[in-house]
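Here's the structure, in structure tokens; my notes come after.
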Amino acid sequence: MGDPFAGMRTMTADLLVKVRETAPLVHNITNYVVMTSSANILLSAGASPVMAHSRKEVADMAAMAGALVLNIGTLSESWIEAMVLAAGAANQRGIPVILDPVGAGATGFRTRTVMHILRQVDVSVIRGNASEVFSLSDHSVTTRGVDSSLSLSDGIVDSAGAIARQHGCIVAISGERDLITDGDRVLRVANGVPLMTRVTGLGCGLSAVTGAFCAVAGEDLLAATAAAFGFYGLCGQLAFDASDRPGSFYVAFLDALYAAGSAEIDDLLDIRQDGSI
Amino acid sequence: MGDPFAGMRTMTADLLVKVRETAPLVHNITNYVVMTSSANILLSAGASPVMAHSRKEVADMAAMAGALVLNIGTLSESWIEAMVLAAGAANQRGIPVILDPVGAGATGFRTRTVMHILRQVDVSVIRGNASEVFSLSDHSVTTRGVDSSLSLSDGIVDSAGAIARQHGCIVAISGERDLITDGDRVLRVANGVPLMTRVTGLGCGLSAVTGAFCAVAGEDLLAATAAAFGFYGLCGQLAFDASDRPGSFYVAFLDALYAAGSAEIDDLLDIRQDGSI
Amino acid sequence: MGDPFAGMRTMTADLLVKVRETAPLVHNITNYVVMTSSANILLSAGASPVMAHSRKEVADMAAMAGALVLNIGTLSESWIEAMVLAAGAANQRGIPVILDPVGAGATGFRTRTVMHILRQVDVSVIRGNASEVFSLSDHSVTTRGVDSSLSLSDGIVDSAGAIARQHGCIVAISGERDLITDGDRVLRVANGVPLMTRVTGLGCGLSAVTGAFCAVAGEDLLAATAAAFGFYGLCGQLAFDASDRPGSFYVAFLDALYAAGSAEIDDLLDIRQDGSI
Chain S
1 MGDPFAGMRT
11 MTADLLVKVR
21 ETAPLVHNIT
31 NYVVMTSSAN
41 ILLSAGASPV
51 MAHSRKEVAD
61 MAAMAGALVL
71 NIGTLSESWI
81 EAMVLAAGAA
91 NQRGIPVILD
101 PVGAGATGFR
111 TRTVMHILRQ
121 VDVSVIRGNA
131 SEVFSLSDHS
141 VTTRGVDSSL
151 SLSDGIVDSA
161 GAIARQHGCI
171 VAISGERDLI
181 TDGDRVLRVA
191 NGVPLMTRVT
201 GLGCGLSAVT
211 GAFCAVAGED
221 LLAATAAAFG
231 FYGLCGQLAF
241 DASDRPGSFY
251 VAFLDALYAA
261 GSAEIDDLLD
271 IRQDGSI
Chain B
1 MGDPFAGMRT
11 MTADLLVKVR
21 ETAPLVHNIT
31 NYVVMTSSAN
41 ILLSAGASPV
51 MAHSRKEVAD
61 MAAMAGALVL
71 NIGTLSESWI
81 EAMVLAAGAA
91 NQRGIPVILD
101 PVGAGATGFR
111 TRTVMHILRQ
121 VDVSVIRGNA
131 SEVFSLSDHS
141 VTTRGVDSSL
151 SLSDGIVDSA
161 GAIARQHGCI
171 VAISGERDLI
181 TDGDRVLRVA
191 NGVPLMTRVT
201 GLGCGLSAVT
211 GAFCAVAGED
221 LLAATAAAFG
231 FYGLCGQLAF
241 DASDRPGSFY
251 VAFLDALYAA
261 GSAEIDDLLD
271 IRQDGSI
Chain C
1 MGDPFAGMRT
11 MTADLLVKVR
21 ETAPLVHNIT
31 NYVVMTSSAN
41 ILLSAGASPV
51 MAHSRKEVAD
61 MAAMAGALVL
71 NIGTLSESWI
81 EAMVLAAGAA
91 NQRGIPVILD
101 PVGAGATGFR
111 TRTVMHILRQ
121 VDVSVIRGNA
131 SEVFSLSDHS
141 VTTRGVDSSL
151 SLSDGIVDSA
161 GAIARQHGCI
171 VAISGERDLI
181 TDGDRVLRVA
191 NGVPLMTRVT
201 GLGCGLSAVT
211 GAFCAVAGED
221 LLAATAAAFG
231 FYGLCGQLAF
241 DASDRPGSFY
251 VAFLDALYAA
261 GSAEIDDLLD
271 IRQDGSI
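Protein chains in written order, with the UniProt record's numbering: chain S, 1 to 277; chain B, 1 to 277; chain C, 1 to 277.
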């Protein structure tokens with residue numbers, strides 16, 4: 001059958017072209033800190049962002065979107081209800097739902113909220129750092145604020161796979177090397193630079209771009225998620241070539257999301273299959 | 001009597017000087033996504049932004065402002081009440097009220113909210129894209145998210161004029177060419193560049209700058225609105241000369257709002273009268 | 001005993017190294033306009049920001065932080081309760097609390113809120129401009145929006161000292177020359193450039209950085225506050241060397257917060273003791 005991932009470069013370039021040609025509407029119910037940057041990141045990459053959180057309109061908005069992105073960064077209770085309503089509408093229409101469990105594990109409120117959402121609706125992709133994602137399992141890890149306190153070792157592949165199978169979704173863990181699994185296949189992405197952690201909202205922005213790629217992907221959301229991670233990370237590498245300081249790095253990163261294409265993907269994309277679990 | 005619009009270059013330069021000299025306070029009740037950029041856009045242009053949305057203070061704040069800007073981008077119900085309270089206080093003192101109907105037409109909630117505000121208070125200027133503005137009339141158009149799905153053809157001048165007369169306000173429609181009318185006179189502005197749609201909040205920022213220009217304008221808010229559109233658009237052109245990528249374009253745009261003056265206005269401003277309706 | 005402030009350059013450089021080495025968690029309950037910039041400013045300087053405002057988690061979050069920053073810029077009532085809850089948790093554990101009374105004096109709601117917070121909890125540092133700070137005393141001054149309408153004259157040192165003694169905290173007033181006092185000692189900081197007032201959130205960002213420096217300072221919060229002011233201001237001077245326009249100035253400012261170190265502190269830091277009150 002051949003390796004289905006030999007073609008990741010082509011697939012990533014194709015999905016990027018589709019995003020830019022169709023400008024999928026990505027509905028974000030996200031935290032206050034990153035609303036602006038998520039919108040700008042989506043616009044730079046070619047997608048159309050919309051933010052709406054009122055219970056009076058989220059179902060309408062989600063129903064017309066290509067993807068729904070839920071992010072629990074600055075939570076309050078009415079927003080949780082809105083997330084569940086919006087995701088319910090997305091589920092009914094088969095629209096992919098991305099969940100970013102920002103700070104899960106740091107407070108009981110955040111961890112319980114994520115578990116509540118996962119019980120109420122179907123999520124397509126959970127994207128977070130290792131300590132956030134593992135707060136959703138029985139592993140006892142402590143999250144410090146919203147930064148990851150776990151590095152991504154090989155030993156956690158099994159745990160990520162177990163969470164993916166439990167919730168019937170893709171688990172995508174950002175770290176020095178990213179891990180993406182549906183509980184069966186495992187992909188690793190080796191793009192990105194550490195300076196991305198010194199700009200607020202770049203993790204959340206990746207969740208949004210994952211939504212944009214999933215919106216145009218059809219069936220294979222595992223590959224679409226990896227493509228989003230790879231493209232996003234290589235734009236970070238391009239930006240780092242322009243500047244190694246966070247203010248000008250972020251500007252260059254938005255420029256790269258807008259301008260990078262198949263040539264940069266051919267040069268830099270680093271996505272590998274790890275074998276099945 | 002001569003053409004009252006031959007002097008638009010002088011008037012625009014004069015209003016800009018007034019904004020910079022008097023730094024009018026612009027009270028924004030606006031959406032989360034664009035609060036930062038609206039504040040920075042106003043500061044760069046020379047005005048003084050303030051954001052306040054609590055029902056406990058909006059009337060006090062609006063009463064001391066030079067203009068009030070209402071923007072329904074990320075609505076929830078308590079904010080609607082605050083908008084009506086603030087606009088009532090502004091109306092009592094003759095302070096101009098700018099309404100930006102972000103995403104009107106996209107959901108019934110947004111359309112109903114705009115109609116509710118227009119029934120409760122007097123609005124001086126409605127600024128939006130074509131599909132947002134026409135959701136306020138009987139024309140059946142569909143807004144996709146918060147982007148415009150209508151291009152601005154000559155055929156819509158009559159409709160814009162009808163909305164302006166119905167609500168006793170100026171209607172200002174952003175597009176490839178902008179249309180500004182009070183239901184009698186019609187102005188067209190041909191400044192701006194398409195890349196402005198790839199940075200979030202630049203339309204909302206224009207509503208804010210329109211507020212700043214109206215704050216210092218005296219009686220002729222039609223000309224002040226056109227002046228704001230023209231100046232804002234030519235700053236986009238100056239920024240595009242500096243960069244054709246959205247991250248660095250936005251930085252250059254803020255720089256242009258701060259630095260551009262009468263020389264750039266003389267070179268680039270393109271505002272024309274269209275004859276009366 | 002010698003002058004305890006001859007060593008401010010060394011102390012500032014040492015505190016900066018500590019911030020970068022330990023990345024203290026700074027919990028912000030702040031206004032919507034500056035959440036993104038406060039997060040980026042903290043990240044650039046080396047700290048770890050977290051934003052959380054729900055009554056269901058603020059006490060948990062504050063208890064694990066190195067400092068808590070309260071900012072009343074875009075208030076609503078549930079946020080005030082959250083601020084008091086969070087500060088109560090911080091007080092119990094001896095975590096420094098920074099209060100930024102944005103726009104106090106502009107509306108009765110804001111002034112009353114600040115007084116309410118000061119009655120309910122212990123604040124370590126009040127940081128604002130002169131008209132905000134003096135709205136907390138019996139001086140009758142009028143705040144225009146959120147900008148300072150008072151310049152910082154010598155005559156106000158006594159008033160600042162009285163407020164500091166009344167609330168048992170440090171009062172830090174930003175202006176052309178900054179004034180920092182605990183009611184006994186008085187420090188003046190002469191760093192910074194006027195263009196910093198043309199970028200939204202730079203005052204609020206200074207409150208956040210003051211939190212980061214206090215988090216690693218141990219006992220002497222007066223010196224830590226002055227060190228934060230001096231370092232922050234000199235980064236503004238470095239940024240102004242790069243650009244005199246606000247868009248690119250802000251980018252350069254973030255870069256400076258990240259890159260500046262003991263060499264720049266030795267060159268530029270200007271903190272002087274004024275003698276006791």
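We treat Cβ as the ideally placed atom computed from N, Cα and C, and that holds for glycine.
Would you report the Cα separation of residue i and residue j, rounded to the nearest angstrom?
{"i": "S38 (chain C)", "j": "V19 (chain S)", "result": "32 Å"}
{"i": "A65 (chain C)", "j": "P24 (chain C)", "result": "7 Å"}
{"i": "T113 (chain C)", "j": "E57 (chain C)", "result": "21 Å"}
{"i": "D274 (chain C)", "j": "M35 (chain S)", "result": "44 Å"}
{"i": "A130 (chain C)", "j": "F231 (chain S)", "result": "48 Å"}
{"i": "S174 (chain C)", "j": "L206 (chain C)", "result": "9 Å"}
{"i": "R185 (chain B)", "j": "T10 (chain B)", "result": "19 Å"}
{"i": "I271 (chain C)", "j": "G88 (chain C)", "result": "32 Å"}
{"i": "L234 (chain S)", "j": "F249 (chain S)", "result": "13 Å"}
{"i": "L70 (chain B)", "j": "Q92 (chain S)", "result": "34 Å"}
{"i": "S124 (chain S)", "j": "S137 (chain S)", "result": "17 Å"}
{"i": "A67 (chain S)", "j": "N40 (chain C)", "result": "27 Å"}
{"i": "T30 (chain C)", "j": "A63 (chain B)", "result": "25 Å"}
How would you write the range of the beta strand (DSSP E) that residue i sits in, first residue to last?
{"i": "A172 (chain S)", "result": "I170 to S174"}
{"i": "L269 (chain B)", "result": "L269 (chain B) -> no beta strand (DSSP E), and no H or E assigned at all."}
{"i": "P246 (chain S)", "result": "No beta strand (DSSP E) contains P246 (chain S), which is instead part of the alpha helix (DSSP H) from P246 to A259."}
{"i": "A127 (chain B)", "result": "Ala is not the amino acid found at residue 127 (chain B); the sequence shown has Arg there. Start and end: V125 to N129."}
{"i": "V186 (chain C)", "result": "V186 to V189"}
With distances taken from CA atoms, which of the options is nearest residue i?
{"i": "I95 (chain S)", "options": "S:F134, S:D266 and S:V26", "result": "S:V26"}
{"i": "G108 (chain B)", "options": "B:A45, B:L222 and B:S135", "result": "B:S135"}
{"i": "M61 (chain C)", "options": "S:G73, S:N40, S:R127 and S:L269", "result": "S:G73"}
{"i": "G128 (chain C)", "options": "C:A256, C:I163 and C:A217", "result": "C:I163"}
{"i": "H53 (chain S)", "options": "S:M83, S:L68, S:N40 and S:L43", "result": "S:M83"}
{"i": "P49 (chain C)", "options": "C:S76, C:V102, C:V193 and C:N28", "result": "C:N28"}
{"i": "L195 (chain B)", "options": "S:L254, S:A242, S:V157 and S:C169", "result": "S:L254"}
{"i": "V171 (chain S)", "options": "S:I126, S:A252 and S:I41", "result": "S:I126"}
Take the Cβ of residue i as the centre, count every other Cβ of all protein chains shown within 10 Å, and call the residue buried at 16 or more, exposed below.
{"i": "L15 (chain S)", "result": "buried"}
{"i": "Q237 (chain B)", "result": "buried"}
{"i": "E219 (chain S)", "result": "exposed"}
{"i": "H167 (chain S)", "result": "buried"}
{"i": "A13 (chain S)", "result": "buried"}
{"i": "E132 (chain C)", "result": "buried"}
{"i": "residue 347 (chain C)", "result": "Only positions 1 to 277 of chain C appear in the structure, and residue 347 (chain C) is not among them; the question remains open."}
{"i": "D100 (chain C)", "result": "buried"}
Between which two residues does the alpha helix (DSSP H) containing residue i stretch?
{"i": "L43 (chain C)", "result": "M35 to A45"}
{"i": "M61 (chain B)", "result": "V58 to A63"}
{"i": "M83 (chain C)", "result": "E77 to R93"}
{"i": "G66 (chain S)", "result": "From DSSP, G66 (chain S) is part of no alpha helix (DSSP H); its letter is neither H nor E."}
{"i": "L234 (chain B)", "result": "L221 to A242"}
{"i": "T30 (chain B)", "result": "From DSSP, T30 (chain B) is part of no alpha helix (DSSP H); its letter is neither H nor E."}
{"i": "M11 (chain B)", "result": "M8 to T22"}
{"i": "D182 (chain S)", "result": "Segment: none, D182 (chain S) is in no alpha helix (DSSP H) and carries neither H nor E."}
Tell me which residues share the same chain as residue i and place their Cβ nearer than 6 Å to its Cβ, disregarding the 5 neighbours each side in the sequence.
{"i": "F229 (chain C)", "result": "D178 and V189"}
{"i": "R198 (chain B)", "result": "P246"}
{"i": "R165 (chain B)", "result": "G183"}
{"i": "L118 (chain C)", "result": "H167"}
Considering only residues of the same chain and omitting the five flanking positions on each side of residue i, which have a CB-CB separation below 7 Å?
{"i": "A45 (chain C)", "result": "V19, V209, A212 and L257"}
{"i": "A224 (chain B)", "result": "L15, F213, C214 and A217"}
{"i": "S243 (chain S)", "result": "F249 and A252"}
Measure from the C-beta of residue i to each C-beta in chain E and report whether the shortest distance is under 8 Å.
{"i": "D244 (chain S)", "result": "Reference to chain E is not applicable here, since the protein chains of this structure are S, B and C."}
Could you name the residues of the same chain whose beta carbon sits closer than 8 Å to that of residue i, not counting the 5 residues immediately before and after it, in chain order?
{"i": "T200 (chain B)", "result": "V33, V34 and S37"}
{"i": "L268 (chain B)", "result": "N191, L234, Q237 and L238"}
Please confirm whether any heavy atom of the ligand ATP lies closer than 7 Å to the CB of residue i.
{"i": "S78 (chain B)", "result": "Absent from the structure shown: the ligand ATP. Ligands present: none."}
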